[in-house]
Amino acid sequence: MDTAIWWIRRDLRLSDNQALGAALTHGRYVLPVFILDPALWNSAYSGEKRRAFLLGGLHALDADLRRRGSHLIVLHGRPEEVLAHLCSATGATAVFAEADVSPYARRRDKKVAARCPLHLVGGLTLHPPEAVRKPDGGVYTVYTPYRRAWRALPMPDAREVLPAPPLIPTPPNLAITGELLPEAPALPSPIPFLPGEAEAQRRLRDFMAEKINTYATARDFMACAGTSELSPYLRFGMLSARQSAIAALQAHDAASTDAARESIVVWLDELIWREFYMSVLYHFPNVRHESFRAKLRAIEWVNDRAVFAAWQEGRTGYPVVDAAMRQLLATGWMHNRARMIVASFLAKHLLIDWRWGERHFMQHLIDGDPAANNGGWQWSAGTGTDAAPYFRIFNPLLQGEKYDPTGDYVRRWVPELARVPAAHLHHPWTMPAEVQREAGCIIGVDYPLPIVDHKWTYRRALAAYRQARDSSLW
DNA sequence: TTTTGAGTTGTTCGA
DNA sequence: GTCGAACAACTCAAA
Numbered sequence: 486m487d488t489a490i491w492w493i494r495r496d497l498r499l500s501d502n503q504a505l506g507a508a509l510t511h512g513r514y515v516l517p518v519f520i521l522d523p524a525l526w527n528s529a530y531s532g533e534k535r536r537a538f539l540l541g542g543l544h545a546l547d548a549d550l551r552r553r554g555s556h557l558i559v560l561h562g563r564p565e566e567v568l569a570h571l572c573s574a575t576g577a578t579a580v581f582a583e584a585d586v587s588p589y590a591r592r593r594d595k596k597v598a599a600r601c602p603l604h605l606v607g608g609l610t611l612h613p614p615e616a617v618r619k620p621d622g623g624v625y626t627v628y629t630p631y632r633r634a635w636r637a638l639p640m641p642d643a644r645e646v647l648p649a650p651p652l653i654p655t656p657p658n659l660a661i662t663g664e665l666l667p668e669a670p671a672l673p674s675p676i677p678f679l680p681g682e683a684e685a686q687r688r689l690r691d692f693m694a695e696k697i698n699t700y701a702t703a704r705d706f707m708a709c710a711g712t713s714e715l716s717p718y719l720r721f722g723m724l725s726a727r728q729s730a731i732a733a734l735q736a737h738d739a740a741s742t743d744a745a746r747e748s749i750v751v752w753l754d755e756l757i758w759r760e761f762y763m764s765v766l767y768h769f770p771n772v773r774h775e776s777f778r779a780k781l782r783a784i785e786w787v788n789d790r791a792v793f794a795a796w797q798e799g800r801t802g803y804p805v806v807d808a809a810m811r812q813l814l815a816t817g818w819m820h821n822r823a824r825m826i827v828a829s830f831l832a833k834h835l836l837i838d839w840r841w842g843e844r845h846f847m848q849h850l851i852d853g854d855p856a857a858n859n860g861g862w863q864w865s866a867g868t869g870t871d872a873a874p875y876f877r878i879f880n881p882l883l884q885g886e887k888y889d890p891t892g893d894y895v896r897r898w899v900p901e902l903a904r905v906p907a908a909h910l911h912h913p914w915t916m917p918a919e920v921q922r923e924a925g926c927i928i929g930v931d932y933p934l935p936i937v938d939h940k941w942t943y944r945r946a947l948a949a950y951r952q953a954r955d956s957s958l959w
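Under the working numbering, the first residue of the first sequence is numbered 486, with each subsequent residue one higher.
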């Protein structure tokens, strides 16, 4: 007659869910519970677009559960208190949840484990952070050897992917009914990701059938949908990493050309990067609040608030930067290459603390994940594990011309530049006055002049980083 | 223990 | 226009 609680956190799926599987095995009844934790909900690293996507996902999960004789129970409060109360009110003898890597999640789970029979299971990553180790037991801090070790571990067989259970028996006449799940708030513009597991499965299928074969080159062009756009689903576990990796390996076996096979390996690498950064955050939780490289903690940031606001709002005068920042505000998503361009620009050209940018991304990205976002920012700022060398500074003009050659990306997100000829699009300040009039875009009036001079700030960045490296004694 | 080779995604400068 | 070197040494992983 045992009841198990399935504590849902970032595993909003019924397919390939090890926590749900363990709860079903434990006893007769399973209680699916989601806790709206104010510490997370109201965090400075939270944001309305990601909250809306999560709420939508919870509604979808509830509907999926109801088709299986169950339903979602939503509770508000501190998880250790909510779960302790729930266990005693329902007589549940176990709580199953998917293990997480962030410092907050681990502190939270420790508190819960002190008061409830909590069992953490795998599933967030294909290989847990403890499993990918150097031969001497150490932790990798460089991607390539990490990847080698990751690939050397046995891969699960496709048959190990757990199917969605047809029935989830939930106790009748519950003493606890849960609270009303809030409606997803209306947003100024609709987010381009439909929340829920069904949509995640559909996207995975479509991507594996076609686009993954050209991913290696198509992924770099910001105007084209060459990336998988699966990140929000992986972020909330509407899709498991294991199922995604196995699907990619199957596509690899079925691919007919070397180019397609190489492309698939490049995509699989991105999944491994995701696990690498989760491992980094797990083993080095301090990266959440400081640079991994101690020497680069001494960088003297300029941290100009007005300049930061211009970056946030897409008013820097660098079209590709502004397009990307406006895409983020409007949609809650940004193209991967654009993320690197704007991150490099903030840390290097503007000399603004990468943590400011990290927080802004977390406030707006639907796929905002503490590990991946922190890893990406520290990589771009040159302060992280296996980071870009500090002298690797993206030139926003060259990046724009290379990866948005038609200018479609800029035109889409910076409409005041829509009629600027392609020859000037990535450096509109070079337009002769007559061309500006014809394009209906007077630089300095309709669109800002560049907020900083590239050449000068390029050199300033090199100097600031060099100084940090040389000045610190440790 | 020491040595050796290698390291996501770039840019600039001068020959 | 194309090429290689410099950016700057450094740290990590593995033999």
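Heads up, the beta-carbon is just placed ideally off N, CA and C, and yes, glycines get one too.
Rounded distance between the beta-carbons of residue j and residue i, thought under 8 angstroms
i: aspartate 889; j: alanine 708; result: 6 angstroms
i: glutamine 863; j: valine 787; result: With a Cβ gap of about 19 angstroms, glutamine 863 and valine 787 do not count as contacting.
i: leucine 831; j: glycine 842; result: 5 angstroms
i: valine 937; j: leucine 835; result: 7 angstroms
i: glutamate 565; j: valine 606; result: That belief does not hold up - the Cβ atoms of glutamate 565 and valine 606 are roughly 19 angstroms apart, past 8 angstroms.
i: glycine 506; j: proline 654; result: The Cβ separation is near 14 angstroms, so there is no contact.
i: leucine 571; j: isoleucine 490; result: 7 angstroms
i: alanine 924; j: valine 905; result: 5 angstroms
i: threonine 868; j: arginine 778; result: 5 angstroms
i: leucine 499; j: aspartate 547; result: Wrong, their Cβ atoms sit about 11 angstroms apart, outside the cutoff.
C-beta contact flag for residue i and residue j at 8 angstroms
i: valine 646; j: isoleucine 731; result: yes
i: leucine 766; j: serine 587; result: yes
i: glycine 663; j: isoleucine 558; result: yes
i: tyrosine 932; j: glutamate 901; result: yes
i: alanine 694; j: arginine 759; result: no
Spatial distance of residue i from residue j (CA atoms)
i: alanine 745; j: asparagine 698; result: 4 angstroms
i: alanine 791; j: arginine 536; result: 28 angstroms
i: alanine 634; j: alanine 584; result: 21 angstroms
i: phenylalanine 519; j: valine 806; result: 38 angstroms
i: histidine 556; j: threonine 629; result: 44 angstroms
i: valine 750; j: alanine 703; result: 14 angstroms
i: aspartate 955; j: alanine 866; result: 17 angstroms
i: tryptophan 959; j: lysine 780; result: Because tryptophan 959 carries a pLDDT of 43, less than 50, the predicted location of this residue cannot be relied on, and the following value inherits that uncertainty. Computed Cα separation, rounded: 7 angstroms.
i: serine 729; j: proline 648; result: 14 angstroms
i: phenylalanine 706; j: arginine 822; result: 8 angstroms
i: aspartate 854; j: aspartate 743; result: 33 angstroms
i: serine 741; j: glutamate 682; result: 30 angstroms
i: valine 624; j: threonine 510; result: 33 angstroms
i: arginine 563; j: alanine 569; result: 10 angstroms
i: arginine 618; j: tyrosine 631; result: 8 angstroms
i: methionine 825; j: glycine 861; result: 8 angstroms
i: glutamine 962; j: glutamine 812; result: The structure shown does not extend to residue 962, since the chain is modelled only from 486 through 959, so no value can be given for it.
i: glutamate 919; j: histidine 939; result: 25 angstroms
i: leucine 659; j: methionine 847; result: 37 angstroms
i: methionine 723; j: glutamine 884; result: 33 angstroms
i: valine 930; j: glycine 802; result: 11 angstroms
i: leucine 947; j: tryptophan 839; result: 16 angstroms
i: tyrosine 943; j: asparagine 859; result: 23 angstroms
i: glycine 799; j: alanine 808; result: 7 angstroms
i: arginine 600; j: aspartate 487; result: 18 angstroms
i: glutamine 952; j: phenylalanine 793; result: 23 angstroms
Top-ranked residue by Cα proximity to residue i, from the options
i: serine 829; options: Asp938, Asn880, Gly722; result: Asn880
i: glycine 642; options: Val567, Gln735, Arg759; result: Rather than glycine, the amino acid found at residue 642 in this sequence is aspartate. Of Val567, Gln735, Arg759, the residue nearest in Cα terms is Gln735.
i: serine 776; options: Thr870, Gly802, Val895, Met810; result: Thr870
i: aspartate 501; options: Phe721, Ala508, Arg727, Pro620; result: Arg727
i: valine 827; options: Ala685, Arg922, Ala701, Met810; result: Met810
i: leucine 719; options: Phe692, Ala685, Ala701; result: Ala685
i: leucine 882; options: Ala873, Ala908, Arg552, His604; result: Ala908
i: leucine 753; options: Leu560, Met640, Arg844, Thr915; result: Met640
i: phenylalanine 876; options: His845, Pro804, Asp522, Ala949; result: Ala949
i: tyrosine 700; options: Pro651, Glu755, Gln797; result: Glu755
task: Take every Cβ of the region 510-529, pair it with every Cβ of the region 562-582, and state whether three or more of those distances are shorter than 8 angstroms.
output: yes
task: Would you check if the region 809-828 and the region 773-786 touch, i.e. whether three or more CB-CB distances between them fall below 8 angstroms?
output: no
- request: Inspect the CB distances between the region 612-623 and the region 536-546 and report whether three or more fall short of 8 angstroms.
  value: no
message: Counting beta carbon pairs with one atom in the region 706-722 and one in the region 662-675, are three or more of them shorter than 8 angstroms?
response: no
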